[in-house]
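Number of protein chains: 2
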Amino acid sequence: MTPLVKKYFLKLSQASDDDKTPDLERVLAGLRREGLDAGSVPVSVIRKISSALRDNNFEVTATVSLSEEPELIDIEPGSSAGRRSTAFGLAVDLGTTNIVCSLIDLDTGSPTGMPVSDTNPQSVIGEDILARIHHCLKTGGLEELRLAAVGCVNAVAERLAASAGISAGDISCACISGNTTMAHFFLGLDPYNICRAPYVPAANRFGSFKAKDVGLNIRPEAPVVVLPNVGSYVGGDVLAGILVSGMADREGISILVDVGTNAEIIVGNRDWLVACAGAAGPALEGGVVSSGMRAAPGAIDRITIGDKHDPSFSVIGDVTPVGMCGSALIDLLSELFRTGLIDGRGKFVPGRTERVVETESGPAYRVADNIFFTERDIENLVRTKAAMYTALTVIISEIGITFNDIESFFVAGTFGEYIAADKAVSIGMLPDIPIEKFRLLGNSSLKGAVMALLDIKAIEQIEKIASMITYRELNASAEFMSLYRAAMFLPHTDASLFPNAYKS
Amino acid sequence: MTPLVKKYFLKLSQASDDDKTPDLERVLAGLRREGLDAGSVPVSVIRKISSALRDNNFEVTATVSLSEEPELIDIEPGSSAGRRSTAFGLAVDLGTTNIVCSLIDLDTGSPTGMPVSDTNPQSVIGEDILARIHHCLKTGGLEELRLAAVGCVNAVAERLAASAGISAGDISCACISGNTTMAHFFLGLDPYNICRAPYVPAANRFGSFKAKDVGLNIRPEAPVVVLPNVGSYVGGDVLAGILVSGMADREGISILVDVGTNAEIIVGNRDWLVACAGAAGPALEGGVVSSGMRAAPGAIDRITIGDKHDPSFSVIGDVTPVGMCGSALIDLLSELFRTGLIDGRGKFVPGRTERVVETESGPAYRVADNIFFTERDIENLVRTKAAMYTALTVIISEIGITFNDIESFFVAGTFGEYIAADKAVSIGMLPDIPIEKFRLLGNSSLKGAVMALLDIKAIEQIEKIASMITYRELNASAEFMSLYRAAMFLPHTDASLFPNAYKS
Numbered sequence: 246m247t248p249l250v251k252k253y254f255l256k257l258s259q260a261s262d263d264d265k266t267p268d269l270e271r272v273l274a275g276l277r278r279e280g281l282d283a284g285s286v287p288v289s290v291i292r293k294i295s296s297a298l299r300d301n302n303f304e305v306t307a308t309v310s311l312s313e314e315p316e317l318i319d320i321e322p323g324s325s326a327g328r329r330s331t332a333f334g335l336a337v338d339l340g341t342t343n344i345v346c347s348l349i350d351l352d353t354g355s356p357t358g359m360p361v362s363d364t365n366p367q368s369v370i371g372e373d374i375l376a377r378i379h380h381c382l383k384t385g386g387l388e389e390l391r392l393a394a395v396g397c398v399n400a401v402a403e404r405l406a407a408s409a410g411i412s413a414g415d416i417s418c419a420c421i422s423g424n425t426t427m428a429h430f431f432l433g434l435d436p437y438n439i440c441r442a443p444y445v446p447a448a449n450r451f452g453s454f455k456a457k458d459v460g461l462n463i464r465p466e467a468p469v470v471v472l473p474n475v476g477s478y479v480g481g482d483v484l485a486g487i488l489v490s491g492m493a494d495r496e497g498i499s500i501l502v503d504v505g506t507n508a509e510i511i512v513g514n515r516d517w518l519v520a521c522a523g524a525a526g527p528a529l530e531g532g533v534v535s536s537g538m539r540a541a542p543g544a545i546d547r548i549t550i551g552d553k554h555d556p557s558f559s560v561i562g563d564v565t566p567v568g569m570c571g572s573a574l575i576d577l578l579s580e581l582f583r584t585g586l587i588d589g590r591g592k593f594v595p596g597r598t599e600r601v602v603e604t605e606s607g608p609a610y611r612v613a614d615n616i617f618f619t620e621r622d623i624e625n626l627v628r629t630k631a632a633m634y635t636a637l638t639v640i641i642s643e644i645g646i647t648f649n650d651i652e653s654f655f656v657a658g659t660f661g662e663y664i665a666a667d668k669a670v671s672i673g674m675l676p677d678i679p680i681e682k683f684r685l686l687g688n689s690s691l692k693g694a695v696m697a698l699l700d701i702k703a704i705e706q707i708e709k710i711a712s713m714i715t716y717r718e719l720n721a722s723a724e725f726m727s728l729y730r731a732a733m734f735l736p737h738t739d740a741s742l743f744p745n746a747y748k749s
Numbered sequence: 246m247t248p249l250v251k252k253y254f255l256k257l258s259q260a261s262d263d264d265k266t267p268d269l270e271r272v273l274a275g276l277r278r279e280g281l282d283a284g285s286v287p288v289s290v291i292r293k294i295s296s297a298l299r300d301n302n303f304e305v306t307a308t309v310s311l312s313e314e315p316e317l318i319d320i321e322p323g324s325s326a327g328r329r330s331t332a333f334g335l336a337v338d339l340g341t342t343n344i345v346c347s348l349i350d351l352d353t354g355s356p357t358g359m360p361v362s363d364t365n366p367q368s369v370i371g372e373d374i375l376a377r378i379h380h381c382l383k384t385g386g387l388e389e390l391r392l393a394a395v396g397c398v399n400a401v402a403e404r405l406a407a408s409a410g411i412s413a414g415d416i417s418c419a420c421i422s423g424n425t426t427m428a429h430f431f432l433g434l435d436p437y438n439i440c441r442a443p444y445v446p447a448a449n450r451f452g453s454f455k456a457k458d459v460g461l462n463i464r465p466e467a468p469v470v471v472l473p474n475v476g477s478y479v480g481g482d483v484l485a486g487i488l489v490s491g492m493a494d495r496e497g498i499s500i501l502v503d504v505g506t507n508a509e510i511i512v513g514n515r516d517w518l519v520a521c522a523g524a525a526g527p528a529l530e531g532g533v534v535s536s537g538m539r540a541a542p543g544a545i546d547r548i549t550i551g552d553k554h555d556p557s558f559s560v561i562g563d564v565t566p567v568g569m570c571g572s573a574l575i576d577l578l579s580e581l582f583r584t585g586l587i588d589g590r591g592k593f594v595p596g597r598t599e600r601v602v603e604t605e606s607g608p609a610y611r612v613a614d615n616i617f618f619t620e621r622d623i624e625n626l627v628r629t630k631a632a633m634y635t636a637l638t639v640i641i642s643e644i645g646i647t648f649n650d651i652e653s654f655f656v657a658g659t660f661g662e663y664i665a666a667d668k669a670v671s672i673g674m675l676p677d678i679p680i681e682k683f684r685l686l687g688n689s690s691l692k693g694a695v696m697a698l699l700d701i702k703a704i705e706q707i708e709k710i711a712s713m714i715t716y717r718e719l720n721a722s723a724e725f726m727s728l729y730r731a732a733m734f735l736p737h738t739d740a741s742l743f744p745n746a747y748k749s
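Each protein sequence line maps, in turn, to chains Y and E. Using this note's numbering, read the first sequence as starting at 246 and increasing by one per residue. Using this note's numbering, read the second sequence as starting at 246 and increasing by one per residue.
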């Protein structure tokens, strides 16, 4: 494995009358002995070489980017052990709603601690992607969005670095994984044409930049890789998910559903990959459902309804619950239906339990004193699950296969870390296939970014995956709408599609 | 010839439902059709692509650096003619005393006008190189020197651009030619070890940087090549001179003398090159001789003494003379000796003419009302010429040849543009060889920088020259000193060495 950046401890001979090799060339010769042919060196690094050599007896630690050609990106007076000898990388899942970062020790391949996330501050400027793209029409609007995203990553990186006992300036590389529009915002690229016919991004392959050129406050010359995208709708976050799933290496056909703020669906194997996208996510990320929230401390992540219709649940961080994240919403909808508290249309059946109370927003199931699940919430959630199931149905039928042909079904996205696949099947969101075929990938956008930090071949693989993908526009035709209407029932108007939903 | 930067007019097809190629990839495909495989593109350029494409119907002008791998360094809405279609490069002779720049139209290969020069503002901080190196020991001292040099180049570039009807931001590349220490100052590299044993520069090969990274206010992503040096004493300016002379391509042996603030001597041919350096210059650049000045408007550049001991001279810029540049100083010394106004020791012979007057600084020849050439000036100049001749004698004797073996004798340096070789021979500064063997190269440092802008192969050639050079420390031994003392006479203590000096 070749990480994006590596540190080399170099014991060099001292300059003398017999060896007048200049300082830079002396270091480059040392690197050549390590098998590295570093080309041009940034001037900011050449400036540090003379004192680095003489501060510690011509022993230096060279930080080398292996992103493209080997490049010397920093040099320090040497020490062969301890923090200074370790290279750190920052993995970034640049989500529309949340920005999640992980700090990786590139020597061991392990994170220095838990990932740290924060709400994407762009949300204040525009709640959804379209509002933000619109905001770019204003003078300075794009720059405002860029600075919001970059500033948030910098703040999170600083927190991660502090926890690891280093400074953000000690981080030597970063990989950014996000959807097409988020990548554009991060780099300050005009997103105008992403959402207007013929839907052309400014770029699919961004390549590698310097931290200083994109505004990241890590090591100035650190390589920052922004994962590529495939057109307007399949972003680097999805490609990361495909990489993490390994589906593009398999003979059997897999489906991958990446549920973030939008839902992307990928079907394929090592020979072909088809992608489509649909609006599905907001109800699951906390934006639409009244008591919904993102998977963060205080979020109920798992919930069941007991004999007396009382809920029992677990809360992230073991604190007083303040809302429910996507997995709990799916659990609850499933449980309300299983226990007969709601009917197939998602309406509360009157007089079944005292947990269902009348609120300002109509009838609602009381989860806790401050948390209610209303009929309107249910409606939103049913719309989301219907859109998802319809998209899945349409795409596999367009490809000419059935759900029985699927070998593995991957669920990705932050919320995919917590989801109970059987519950998602029971509400008719995911197809009724053998439960062992489901694999929860968790935040595969972040995991893919970590893989890219740890091995430059991962980036090549992502680029190969990108080149394999065919994008299908999901037909918003009458057929799609009639399928969608049929899926607006729990689990489905055609119950024969879900024979196993409630067997247990 | 492959210039450092080239502009390409690209007529691209419009994005459509049938061709959703992203903007960046569309431009890169256009460049591939021109035979250019541009790798990674700077983010600042990707940011401009979308609007550049749509501002003029998908016709763009791409500015491509050919310095290393082809790199897209700018993009503008296209126009196939006029100023916007022309690439400009800045050639810089970064001298210790003067900074001279020329703006080159890279399409025609011609300068847009006369070179523009200015006094190196570092002179205010430290008159000579050693004082400046010493200044770097102060906190912020190096940065002060760097900013002085870069600021001066920026100011001169702006003047050149204004004269050419463009802005400095339209300049797409630059080449900097200077001695080792000046290159270090320009890049902000610690010069401390250049002048202290074992005399090791921070770097010999600097490579190519971005304008924005070295502070040049030309196109931000423009490549800036800093010519390499060979150790502490042979700088890029000398290598440029060797390139311009062509001596490293010839079978016969040549000598090149580069007289700037120091004098460097190169002897060799296509198989070997030996270099040495000596302090020689100041007296010829205006720093030491009381009436001396650099070759600028107001400087007498040529002077003869007539029958009645009156001078006749030409003045640069045809204005009232204010001083004499190096070539005039040599002329005058030669003429004073030829006419018998001074003796072989450089002393005025009393009572020969009324032009020799008594001044505060002792006896002096009155060139004009405000310009006097004193005995002390003569002494300084004789020291310079003696040092030069001694260095030449020592180096060829160490190599084991004689002046008769020399096929061509090149004189480089600003002052070399104006010097009369026969006069330099007559005072015993240059050896008495057939006069047709002398070739005046003028400012070959600047000319070499121009060659590097116009053809990247020139940079390869300079690097090849650099690798061929052996540096010889001129022996400051008793032998050197006795040869030096013998050369402190006009033309020489051993007159047989200059049989042709006054034949005519």
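Glycine included, C-beta positions come from ideal geometry on N, C-alpha and C.
| query | result |
| --- | --- |
| Chain Y contact residues for GLY433 of chain E, given Cβ-Cβ distances below 8 Å | VAL288 and ARG292 |
| Contiguous beta strand (DSSP E) assignments of at least 3 residues, all confined to the segment 632-684 of chain E | 651-657 |
| Assumed close pair ILE344 of chain Y, ASP363 of chain Y - CB separation to whole angstroms, cut-off 8 Å | 6 Å |
| Proximal residues to LEU698 of chain Y (C-beta, below 7 Å), its chain only, five neighbours per side dropped | PRO248, LEU249, GLY334, ALA336, ILE349, LEU351, CYS418 and CYS420 |
| Residue closest to ARG450 of chain Y, alpha-carbon to alpha-carbon, out of E:ASP268, E:ALA723 and E:GLU599 | E:ASP268 |
| Within chain Y, partners of VAL459 of chain E - CB distance below 7 Å | VAL288 |
| At least 3 beta-carbon pairs within less than 8 Å: the segment 637-656 of chain E vs the segment 608-625 of chain E | no |
| Straight-line gap, GLY526 of chain Y to GLU372 of chain Y (C-alpha atoms, nearest Å) | The predicted model places GLY526 of chain Y with a pLDDT of 47, which falls under 50 and marks its position as unreliable, so this point remains unresolved. |
| Interface positions of the segment 382-409 of chain Y facing chain E (Cβ-Cβ less than 7 Å), listed along the chain | none |
| Spatial neighbours of PRO315 of chain E in its chain, beta-carbon cut-off 8 Å, leaving aside the 5 residues before and after | LEU276, LEU281, ASP282, ALA283, GLY284 and VAL309 |
| Extent of the continuous beta strand (DSSP E) run through ASN343 of chain E | 343-350 |
| Environment of SER355 of chain E [buried if 16+ CB atoms lie within 10 Å] | exposed |
| Residues that DSSP places opposite ASP264 of chain Y in a beta bridge | Y:SER261 |
| Per-residue burial, LEU581 of chain E [other beta carbons within 10 Å of its own, 16 or more giving buried] | buried |
| CB contact check: GLY526 of chain E to chain Y, cutoff 8 Å | Because the pLDDT of GLY526 of chain E is 46, which lies under 50, any placement of that residue in the model is unreliable, and the question is left without a value. |
| Closer than 8 Å to chain Y by CB, TYR444 of chain E | yes |
| Touch test, the segment 591-601 of chain Y against the segment 641-657 of chain Y, Cβ-Cβ under 8 Å, three pairs minimum | no |
| Status (buried if at least 16 other CB within 10 Å, exposed otherwise) for GLU466 of chain Y | buried |
| Residue span of the beta strand (DSSP E) that contains CYS397 of chain Y, given as start and end | Element bounds for CYS397 of chain Y: not the beta strand (DSSP E) but the alpha helix (DSSP H), 386-409. |
| Classification of GLU509 of chain E by the beta-carbon crowding that lies within 10 angstroms, buried from 16 upward | buried |
| Secondary structure, beta strand (DSSP E): runs of 3+ residues fully inside the segment 410-435 of chain Y | 416-423 |
| Segment contact flag, the segment 374-387 of chain E with the segment 451-466 of chain E, C-beta cutoff 8 Å, min 3 pairs | no |
| ASP503 of chain E - containing beta strand (DSSP E), residue span | 498-504 |
| Residue range of the beta strand (DSSP E) that includes ALA613 of chain Y | 607-613 |
| Any C-beta of chain Y under 8 Å from that of ARG447 of chain E | The sequence given here has Ala at residue 447 of chain E, not Arg. Cβ-Cβ to chain Y under 8 Å: yes for ALA447 of chain E. |
| Chain E within 8 Å of SER749 of chain Y, Cβ atoms only | Its pLDDT being 43, under 50, SER749 of chain Y is placed unreliably by the model, and nothing is read from it. |
| Alpha carbon of MET696 of chain E to alpha carbon of ALA703 of chain E, nearest angstrom | 6 Å |
| DSSP three-state assignment for ALA703 of chain E, whether helix, strand or coil | helix |
| Residue(s) in a DSSP beta bridge with GLY452 of chain Y | Y:VAL471 |
| ILE710 of chain Y versus Y:LEU685, Y:LEU387, Y:GLU681 and Y:ASN514, residue with shortest Cα-Cα distance | Y:ASN514 |
| beta-carbon ASN745 of chain Y near the ligand COA non-hydrogen atom, thresh 7 Å | The model depicted lacks the ligand COA and carries no ligand whatsoever. |
| CA-to-CA distance, GLY460 of chain Y to PRO287 of chain E, given in whole angstroms | 13 Å |
| Cutoff 8 Å; reference VAL489 of chain Y; Cβ partners in own chain excluding five residues on either side | ALA657, LEU686, SER689, LYS692, GLY693 and MET696 |
| LEU255 of chain E, enclosing beta strand (DSSP E) - first and last residue | 250-256 |
| Within 7 Å of chain Y by C-beta, residues of the segment 469-486 of chain E in sequence order | GLY476 |
| Residue range of the alpha helix (DSSP H) that includes SER490 of chain Y | 481-490 |
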